[in-house]
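Visitor: Could you have a look at this structure, given as structure tokens, before my questions?
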Amino acid sequence: MQYVVFSFSHKSVDIKNRDKLSFSNQKSKKNFLNILLAYEHIKEAILLSTCNRTEFIIYTDNIESTHKFLFHELSFYCGIKNEELFTIAQVVKNQTAIEHIFKVASSLESIVVGETQITGQLKDAYRFSMACEFCSTNLSKVIHYAFKCAASVRNKTNISKDKTSVVSVALNELKRQVDIKDKNVLIIGAGEISKLALRYFAKEECNITLMNRTIDNAQVIAQEFKQDIKVVRFDNLATFINKADILFTATSSSTPIISKDIIEDVKFVRYWFDMALPQDIEYVEDENIIIYNIDSLKQIVQNTKENRKKEADLGLIIVKEFVDKFLQMQQQAQAYETIKTIKQKAVKICQSEICYALKKGYLQKENYAQTEKILDRAFSKFLHKSFVELKQSANKQSDSNIASIVNYIFGNNVNINLENKAFDKK
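So for the sequence shown, this note's numbering puts the first residue at 184; every next one is plus one.
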């Protein structure tokens, strides 16, 4: 069995294709994961879909077959040609996959290094797969250790000290261009990104309006803030987007919610931030509307990235330590499972041979228990040194294949081997 991650992130996939690859609701995620788990080689799977990445974390008995099957189904789902998916995907397996998951959880793969949202998003994706029985013990071990790693990176570095996020970058860019005091701000959506935007704008002297399809959800969120926040129904979208100086939208709609036909000409400059994926705003050409999306903010983030590089490098060292610890745990688990399996086989062989001896008259029934003890001691002495060596090898990275070789020799169905090789795309 092997771990593999198929990643489509901001690093190699433009926002247009990330739009197509996104899974904006739980129904689409569940349907796709059902397809994956119906395939004979895929044993467990987690689907992580955010505005910056879509990733498939999979436990499989055949990576190459899983690769081909996933991309065939994904091409059908998103409309991107199979050949292009092979070009834009990052595919990593086993040890490299474990390291990738730990880095993602620790926000070392994010657009804004150190933002803490990704840990919660990965946790939600994991819980969803567990609830739907798409993943079990093997992926659970990896994800739980990834969360431990993320906590250690946050606690031992200053990477998240400034609580930087794409939302804060957006606000800073806005304040650099215009005085937002007394401006009319419209925030659409009630998810984590919209809540974060509310938190930031609530600290400014703005007139905030919150809009959501489910108005009860919006009212609950608005009540969390001391500032007077106006809550309006989604039906009033056309009216309010033409009154707002600043628009911040982050819904889970599968199609744009703001189209050209509802946009009116106004005499003031409007600043629109589309944090959704798929995007909420249809392509618009208007000299009085300045639109930012995830990718346009990415360049602004790059300018401040150097300031956090030292902390990120320290975070990578911590990730490496956690990967080594996890691999050692896996090797120890395999060693002990191997020893357990060999002992069980030895007991069965002893019992089988004693029964054969009794049947043939080579052994008297009253000597059964004593003979069983003698054979058990003989097997234990014979295997003792091998078991000691096997346990010691589990603590050495260089001996990571020994347990697999022993299992192969004894014909055991135990395989937790994690090779450190990058997946060779074909």
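All residues carry an ideal CB built from backbone N, CA and C; glycine is no exception.
Keep in mind it's a predicted model, so treat the numbers as computed, not measured.
1. Is it buried or exposed for aspartate 244, if we count other Cβ within 10 angstroms and need 16 for buried?
2. For valine 188, tell me which candidate among Thr521, Leu322, Phe206 has the shortest Cα-Cα distance.
3. Rank Val403, Lys409, Ala385, Ile371 by C-alpha distance to the C-alpha of asparagine 395 and give the top, closest one.
4. How would you call lysine 199, buried or exposed, if buried means at least 16 neighbouring beta carbons within 10 angstroms?
5. Use the C-beta contact count for glycine 262: other C-beta atoms within 10 angstroms, 16 or more gives buried, fewer gives exposed.
6. Taking the alpha-carbon positions, what's the threonine 302 to alanine 221 distance?
7. Between glutamate 388 and the rest of its own chain, which residues show a CB-CB distance below 6 Å, the 5 nearest in sequence each way excluded?
8. On the CB-based measure, 16 or more other CB atoms within 10 Å of its CB, does glutamate 494 come out buried or exposed?
9. Taking the straight line between their C-alpha atoms, what separation do you get for phenylalanine 259 and arginine 201?
10. At the 8 Å Cβ level, is alanine 495 part of the contact set with chain B, yes or no?
11. For lysine 210, which of Ile445, Val506, Cys315 has the nearest alpha-carbon?
12. Just checking my contact of isoleucine 441 with glutamate 465 at CB under 8 Å: how many whole Å lie between their CB atoms?
13. Suppose you measure from the CA of glutamine 547 to the CA of lysine 528; what does that come to, to the nearest Å?
14. Would you check whether the ligand GTP has a heavy atom nearer than 7 Å to the C-beta of valine 274?
15. Between which two residues does the alpha helix (DSSP H) holding lysine 629 run?
16. Could you tell me if alanine 459 is buried or exposed, where buried requires 16 or more neighbouring beta carbons within 10 angstroms of its beta carbon?
17. Cβ of valine 350 within 8 Å of Cβ of isoleucine 376?
18. Rounded to the nearest angstrom, how far is the Cβ of leucine 230 from that of alanine 308, given a contact under 8 Å?
19. Per DSSP, what kind of secondary structure is alanine 433 in: helix, strand or coil?
20. What are the boundary residues of the beta strand (DSSP E) that includes methionine 394?
Guide: This is what the structure holds:
1. exposed
2. Closest option to valine 188, Cα to Cα, is Leu322.
3. The residue from Val403, Lys409, Ala385, Ile371 with its alpha-carbon nearest to that of asparagine 395 is Ile371.
4. exposed
5. exposed
6. Threonine 302 and alanine 221 have their C-alpha atoms spaced approximately 28 Å apart.
7. Lys364
8. Per the 10 Å Cβ criterion, buried.
9. 15 Å
10. Among the chains of the structure shown, chain B does not appear; only one protein chain is present.
11. Among Ile445, Val506, Cys315, the Cα nearest to that of lysine 210 belongs to Cys315.
12. Between isoleucine 441 and glutamate 465 the beta-carbon gap is near 6 Å, inside 8 Å, which marks them as a contact.
13. 24 Å
14. This structure lacks the ligand GTP; in fact it carries no ligand of any kind.
15. There is no way to answer for residue 629, as the model of the chain reaches only from 184 to 609.
16. buried
17. yes
18. 6 Å
19. coil
20. 390-395
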